[in-house]
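Below: the structure, in structure tokens.
Numbering (our numbering), first residue to last: 14 to 375.
Laid out in structure tokens, this is it:
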């Protein structure tokens, strides 16, 4: 079947909309018509590191849409279902069996290899295979081939253009708070970087009843929105972020989240923790980091990596969708809609900080 997809041609080239072909679903696959897809930093980071010699790629991993067809072995998803798409996991390795599917031992093959596990690709252009199956979907396209393990059925009343980022960005931030950090109402929570992941974390902490919220971000517009959500804000370009966080949290945060991946910012997060505080890191960035081990050891501080909000997607994504419909997780205030034809404008606006979460709509 022919369709339109947004192709990446290399780190420095813009996306282009091209006509491509997509397979019919195999026995264990699902064909989904995409309504909307969130634009995530992971898409752009991966685009930036893949050389042009690999050929065109189809990214996108926050897809939302309607099921068009299912393979013969699919029994829990039917045509017409409204679905959100997330990351793949094998369900059979030690991590999956212990309830930690985000750390699946087959994660690279299932999510980042550019193909199905047998080496084939579901998308072609003029008969030539394209790197696709990104996070088991490649949802910068009108249709996608997915699997049962990364397809979550949601209530048809849920606005798919708002909920699409629950597949990755929003669940990463919210899950880091609700599944990993688990602050109590008397805790103090600080987020470094108020982008889509950071705001999802802030809203999750607010929904959990955390009394003191702080957002550290250099963009005035984002700080203003964080204040509307009840957070104290810090401008790291004009203030000493560590001292400002300590002042706002009566001596230091109990729980913090870094979304930036910037070494200096991560160290600010560590330094501004109170004794026995925990910093979770979710940002792709620095591959090496110098830290003050004396501060960490003598004060019992913890640094934890976190992938996909440590989410069990079949239960956590519907829980977040319900929080949204109840008005307790107002992610609609974070989303700006773009036509898919404006994908490069969405990339530009996200990079500049003009918008928090671009969502591409067919």
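Just so it is clear, CB atoms sit at the ideal spot from N, CA and C, and this is done for glycine as well. Because the structure is a prediction, the values reported are computed rather than measured.
The beta carbons of residue 183 and residue 344 sit about 6 Å from each other, so the pair counts as a contact at 8 Å. According to DSSP, residue pairing for residue 225 in a beta bridge involves 201. Here residue 127 is near residue 144, since their CB atoms are less than 8 Å apart. Annotation for residue 317: 293 place their beta carbon closer than 6 Å to its own, counting only its chain and skipping 5 residues before and after.
Residue environment for residue 253: exposed (fewer than 16 other C-beta atoms within 10 angstroms of its C-beta). If you draw a straight line from the Cα of residue 30 to the Cα of residue 37, it comes to about 21 Å. Inter-residue distance for residue 52 and residue 296 is about 15 Å (C-alpha atoms, whole angstroms). Take residue 17, set aside five residues on each side of it, and the residues of its chain with a beta-carbon closer than 8 Å to its own are 30, 31, 32, 33, 154, 155, 353, in chain order. Ranked by Cα distance from residue 290, the options 157, 270, 302, 298 are led by 270. Restricting attention to 77, 91, 168, the CA atom closest to the CA of residue 97 is found in 77.
Under DSSP, residue 122 shares a beta bridge with no residue.
Under the three-state reduction of DSSP, residue 54 is assigned to helix. Comparing C-alpha distances from residue 309 to each of 135, 320, 113, 283 shows the shortest one belongs to 283.
Distance from the Cα of residue 342 is smallest, within the candidate group 46, 43, 359, 186, for 186. Annotation: residue 321 to residue 115 spans about 6 Å, alpha carbon to alpha carbon. For residue 227 against residue 247, the beta-carbon gap comes to about 7 Å, under 8 Å, which counts as contact. Between residue 110 and residue 102, the alpha-carbon positions lie close to 11 Å from each other. The Cβ neighbour count for residue 88, taken over all protein chains shown within 10 Å, is under 16; the residue is labelled exposed. Three or more Cβ pairs closer than 8 Å define a contact, and the segment 227–244 meets that threshold against the segment 208–215.
In this structure, the beta-carbon distance from residue 45 to residue 80 falls below 8 Å. If you draw a straight line from the Cα of residue 217 to the Cα of residue 139, it is about 45 Å long. Distance from residue 173 to residue 348 at the Cβ level is roughly 11 Å; contact not present, criterion being Cβ atoms closer than 8 Å. DSSP lists 348 as the bridge partner or partners of residue 370. The C-alpha of residue 68 is placed about 23 Å away from the C-alpha of residue 373.
The closest CA to that of residue 73, considering only 142, 159, 120, is found on 159. Here residue 327 is not bridged, per DSSP, to any residue. Secondary structure note for residue 165: its beta strand (DSSP E) is the uninterrupted segment 164–167. Under DSSP, residue 268 takes part in a beta bridge, and its partners are 202, 291. Listed as beta-bridge partners of residue 42 by DSSP are 160. For residue 91, the closest C-alpha among the options 161, 28, 65 is that of 161. Listed in chain order, the non-local C-beta contacts of residue 351 below 6 Å within the same chain comprise 359, 371, 373, local neighbours out to five positions each way being set aside. The Cβ-Cβ distance between residue 99 and residue 163 falls below 8 Å. In this chain, the beta strand (DSSP E) harbouring residue 318 covers 315–318. Residue pairing from DSSP places residue 34 in a beta bridge opposite 15, 137. Residue pairing for residue 144: DSSP places it in a beta bridge opposite 70.
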